[in-house]
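In the working numbering, the protein residues as written are 3 to 259.
This is how it looks when you write it as structure tokens:
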């Protein structure tokens with residue numbers, strides 16, 4: 003039977019989500035623990051790979067199990083969590099349709115990115131936010147974010163991909179369904195944080211972090227608020243700003259319709 007599980011994790015100790023021999027990864031840990039608990043090999047699929055240092059609240063994984071009652075799934079979750087927590091936790095586990103695929107069944111994904119824009123850093127947030135030591139022009143960033151919404155070629159915002167076997171390059175066309183900023187009172191020291199939320203059908207590698215880096219450049223006055231269309235049209239990674247650091251990024255949720 004197919005199983006769908008929601009996974010939350012602190013990305014700081016891991017070299018990303020995808021299994022990578024010789025270094026700790028979230029998928030590597032999950033597969034190892036699940037295989038030992040179930041006493042059989044487990045093949046894991048995921049809704050989206052996250053880079054080194056990126057966190058997740060709503061990552062979704064899928065794998066196959068022999069038929070068993072729902073109560074045993076909860077027991078499995080508890081056993082696995084005792085072995086992998088607290089850096090990684092299965093927050094939910096349930097049966098899925100026979101044709102479920104954590105990646106290809108997803109119709110949308112949402113990420114959130116947090117920034118502390120003040121002179122002093124917050125030691126309690128060092129692994130959770132990007133500290134930008136000046137006030138940003140949030141209105142300009144919000145105006146620019148609107149131009150990211152829609153169906154676009156995001157080559158300027160993504161890492162270059164290796165060619166396919168036939169020599170063609172993977173498409174960087176994605177549909178962004180929402181992109182906005184808000185201020186949230188979430189700092190342990192009482193500081194307000196800036197949070198960027200972006201949703202899309204799918205994302206290419208570094209796309210969200212490069213969006214954030216470019217929008218912060220706009221918030222600093224280094225790029226014009228109406229400059230996003232030109233960056234998109236260039237289809238050239240050099241036209242966008244440097245990527246934001248990974249620690250402020252959280253894979254927030256996956257939509258399966």
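In this text, a Cβ means the ideal position worked out from N, Cα and C, and glycines have one as well.
Boundaries of the alpha helix (DSSP H) in which residue i is found, first to last residue
i, result
"residue 155", "Looking at the DSSP string, residue 155 is not in any alpha helix (DSSP H); the run it does join, the beta strand (DSSP E), is 152-155."
"residue 37", "28-40"
Residue i to residue j span [Cα, whole Å]
i, j, result
"residue 222", "residue 206", "25 Å"
"residue 209", "residue 57", "15 Å"
"residue 9", "residue 94", "7 Å"
"residue 249", "residue 105", "23 Å"
"residue 76", "residue 90", "16 Å"
"residue 240", "residue 45", "38 Å"
"residue 53", "residue 20", "8 Å"
"residue 225", "residue 124", "27 Å"
"residue 258", "residue 187", "30 Å"
"residue 112", "residue 197", "13 Å"
"residue 102", "residue 96", "12 Å"
"residue 200", "residue 65", "27 Å"
"residue 48", "residue 218", "30 Å"
"residue 22", "residue 31", "10 Å"
"residue 43", "residue 17", "22 Å"
"residue 116", "residue 74", "37 Å"
"residue 33", "residue 51", "15 Å"
"residue 254", "residue 122", "27 Å"
Status (buried if at least 16 other CB within 10 Å, exposed otherwise) for residue i
i, result
"residue 174", "buried"
"residue 141", "exposed"
"residue 162", "exposed"
"residue 136", "exposed"
"residue 181", "buried"
"residue 6", "buried"
"residue 99", "exposed"
"residue 171", "exposed"
"residue 184", "exposed"
Inter-residue CB distance, residue i and residue j (contact presumed, cutoff 8 Å)
i, j, result
"residue 39", "residue 78", "7 Å"
"residue 149", "residue 86", "The pair is not a contact, with the Cβ atoms about 41 Å apart (cut-off 8 Å)."
"residue 147", "residue 242", "Not really, about 14 Å apart at Cβ, beyond 8 Å."
Range of the contiguous beta strand (DSSP E) that encloses residue i
i, result
"residue 179", "175-186"
"residue 66", "57-66"
"residue 7", "4-11"
Residue i: CB within 7 Å of a non-hydrogen atom of the ligand PLP
i, result
"residue 24", "The model depicted lacks the ligand PLP and carries no ligand whatsoever."
Q: Tell me the start and end of each unbroken beta strand (DSSP E) in the region 70-144 that is at least 3 residues and wholly inside, in chain order.
A: Listed in chain order, the complete beta strand (DSSP E) runs (minimum 3 residues) inside the region 70-144 are 90-98, 110-118.
Q) For the region 184-257, which segments carrying the alpha helix (DSSP H) assignment without a break, of at least 4 residues, lie completely within its bounds, in sequence order? A) Counting only runs of 4 or more, we get 209-221, 230-236.
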